[in-house]
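Residue numbering for the sequence shown follows this note's numbering, beginning at 2 and increasing consecutively. Ideal Cβ positions, reconstructed from N, Cα and C, are used throughout, including at glycine. Structure record follows, encoded as structure tokens.
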Amino acid sequence: MKKLFVLLIFVATATLAQAQVSKMLGQWNTFDDKTGDMRSTVRIYEEKGIYQAEIITLYEKDANGNYKVMTAPYPKEFEGVVGTKIFKEMKVHGDHLKGKIYDPESQKTYHGKVTYHHKTDELVLRGSLDKAGLLGRSQTWKRKK
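Here you go:
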């Protein structure tokens, strides 16, 4: 009886964790760390147990301060950014994702962790130089409406 109870707790915990991760799928807006301006839309999807994130849209502000989709030809610093994969080897670890996160601005890859916050419907990405996540920075993405 005790083994059955432990098994049921394990299955329930795994199911809840998977539900958290499944809420990460979809489109998310990213923001500039310094200005807070919206920069891009990223699509997160799962493919054979590996989670992918791809930049699908870039934004710029118009003269009125409204965001508009940036279209090709892109300014030199944004050439080749649309279609860039942000996640590398990203897999489920409990209620979050762990793997590598690519920063197109610095063109570097970091140890990464992605956590979904159900109360705010936001993702928090932590990119770090070390696996423990001590030496790095976090960024918050908001679900695209």
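Cβ neighbours of S129 in the same chain (closer than 7 Å, five flanking residues each side left out)
Y111, H112, L135, L136, G137
Endpoints, beta strand (DSSP E) assigned at S107:
Here S107 belongs to no beta strand (DSSP E), and DSSP marks it neither H nor E.
What is the DSSP secondary structure of K49, reduced to helix, strand or coil?
Here K49 sits in coil by DSSP.
Which residues in the same chain have their Cβ closer than 7 Å to the Cβ of D34, if we skip the five residues on either side of it in sequence?
Q140
What distance in whole Å lies between the Cβ atoms of D38 and K62, which are believed to be in contact at a cut-off of 8 Å?
7 Å
Excluding the 5 residues preceding and the 5 following Y46 in the sequence, name in chain order all residues of the same chain whose CB lies nearer than 7 Å to its CB.
Within the same chain, Y46 has close Cβ partners L26, Q53.
As assigned by DSSP and simplified to three states, the class of K99:
strand
So, at 7 Å on beta carbons, what are the nonlocal neighbours of G50 in its own chain, with the 5 sequence-adjacent residues on each side left out?
K92
Using three-state DSSP, classify V43 as helix, strand or coil.
strand
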